[in-house]
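Notes follow the structure.
Numbering (this note's numbering), first residue to last: 484 to 999.
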């Protein structure tokens, strides 16, 4: 991507026939995009597009050097370019696969963080105790148990970050061992095994389809202090066996009191940055997302990969339209085909409900300047950086490859991040243009504002201001600063969402299939 930056507009690529307003432009404003002098013929809001040349009906709209739509009518130079005069572009059906594989980055071997080394070798960035409800029917009891452990009860256990109830709306009305059941088990098993979980308790009702036995067996769950081959199992409670709500709560509290000393018996130690699995998410995106925060996060992702770590790009509906940029740099044809299979599945899945993938962006995205799904996706995939795509994972599947990978998740932030965290992400970076207030226990979420106005307005929720790119800081510099912040947060620095205690309600497993 090439650009010429000035205080008012930016032209992102020499081939673009639109520029992006960085400031509010009044009608008649005279601006320069680094190539020619332009005049706005109407008011243009920040993050929105303006034609830098006449565009005829049916002509392709180009941004980032890529087609993002077609003109529905003639558009004059200096005119606002948005949903009123732009239609979605017809998607390509031809993909190059593994034809332009980037070389491996120069290794970085000296970056570390202070984390928790677990017995299975994984590295944690936090140390929570989990109360996992395997069915919605035991959700309230799980919450009651967790709420009993306030700060006064944890004062003698300084290494424990808290007790969290992981509850959801599933667990019955599903085919046994069907797709919905398997997806739910992967999420719950991923939380139980997560390196940010020091101990856990599973609570069920007793008659549910998603039995505790199925969860333990399919996910091979053991409690801390045990091994995969040992007979040490985690504590489990069935409300029907224990005797109902009150008795189960008291039994659960007693179990956790037993687990607290063991969970607290850990210390942070120096761990290579290669042990970080980074989840990347963008929510409440705007026209600046693909210019500031997402490309900078891509730089941070590249640095992490160079360290030997893992960066996850998710939100398949927000890869849609930009997947050709990923298949071309896939490590193999097989990896490229795995991504295209997920794209085809999403087209089918949306059609089942009479939906269309092109209905994305959201109302808020459009208010922020994004017009089509292709435009949104081109900005979103920048989070993944420039290294080779090494693998594609199913939702909440355990991420085992190092490097840049994709996980198939929905675009809705809570289930998307839930899937990455269940897959092993021990840090999340969340970019937002409109101002998303998000946390995701047990994993810290670093919030990055795409513009300074929102950062200042929502400074209590934002950790990093990527709007500085619009004020002269380079994307490369911001990316390095973002990487440093990732290491600091992995070492225990609290994010804004952690300071607010956000993250209990954002655990939202995604499941597909009939609700019986």
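From the three backbone atoms N, C-alpha and C, an ideal C-beta is built for every residue, glycine too. Here the structure is a predicted model, which means the values were calculated and not measured.
Within a 10 Å sphere around the beta-carbon of residue 884 sit fewer than 16 other beta-carbons, which makes this residue exposed. Per DSSP, the unbroken beta strand (DSSP E) holding residue 520 starts and ends at 520-522. Within the same chain, and ignoring the five residues on either side of residue 695 in sequence, the residues whose Cβ sits closer than 8 Å to its Cβ are 617, 685, 687, 719 and 721. The C-alpha of residue 663 lies about 14 Å from the C-alpha of residue 902. Residue 550: member of the beta strand (DSSP E) spanning 549-554, first to last residue.
The beta strand (DSSP E) runs lying completely inside the segment 867-937 and spanning 3 residues or more are 872-876, 886-890, 910-915 and 928-932, given in chain order. DSSP, read as helix, strand or coil, puts residue 683 in strand.
For residue 728, the three-state secondary structure derived from DSSP is helix. Residue 953 is classed as buried because its beta carbon has at least 16 other beta carbons within 10 Å across all chains shown.
Residue 765 is bridged by DSSP to 914. Taking the Cα of residue 542 as reference, the smallest distance to any Cα among 556, 993 and 652 is reached at 556. Assignment of beta-bridge partners to residue 649 by DSSP yields 615.
Per DSSP, the unbroken beta strand (DSSP E) holding residue 532 starts and ends at 532-534.
Between residue 500 and residue 538, the C-beta spacing is below 8 Å.
Setting aside the 5 residues that flank it on each side, residue 999 is surrounded in the same chain by 656, 657 and 658, each with a C-beta closer than 8 Å to its C-beta; the list follows chain order.
The three-state reading of DSSP puts residue 993 in coil, since its state is none of H, G, I, E or B.
In the structure shown, the three-state DSSP call for residue 755 is strand. Between residue 789 and residue 590 the beta-carbon gap is near 6 Å, inside 8 Å, which marks them as a contact. The C-alpha of residue 665 is placed about 38 Å away from the C-alpha of residue 639.
In this structure, residue 671 keeps its C-beta atom at 8 Å or more from the C-beta atom of residue 760. Within the model, the alpha-carbon separation for residue 793 versus residue 554 is close to 40 Å. Partner residues in the beta bridge of residue 563, as assigned by DSSP, are 533. Take residue 752, set aside five residues on each side of it, and the residues of its chain with a beta-carbon closer than 8 Å to its own are 597, 598, 599 and 600, in chain order.
As computed with DSSP, residue 775 is found in no beta bridge at all. Looking from the CA of residue 912, the closest CA among 675, 781, 653 and 652 belongs to 781.
Of the residues 804, 943 and 847, the one whose Cα lies closest to the Cα of residue 552 is 804.
In the structure shown, the three-state DSSP call for residue 793 is strand. Of the residues 544, 525 and 521, the one whose Cα lies closest to the Cα of residue 535 is 521.
For the pair of segments examined, the segment 865-872 was found to touch the segment 755-773: the number of CB pairs separated by less than 8 Å reaches three.
Within 10 angstroms of the beta-carbon of residue 677 lie 16 or more other beta-carbons, which makes it buried.
Closest in C-alpha terms to residue 643, from the list 525, 569, 669 and 750, comes 750.
In the three-state reduction of the DSSP assignment, residue 632 falls in the coil class, being assigned neither a helical nor a strand state.
The three-state reading of DSSP puts residue 853 in coil, since its state is none of H, G, I, E or B.
In this structure, the alpha-carbon of residue 660 lies about 52 Å from that of residue 493. Per DSSP, reduced to three states, the secondary structure at residue 815 is coil, with no helix or strand assignment.
Where residue 979 is concerned, the enclosing alpha helix (DSSP H) starts and stops at 979-983.
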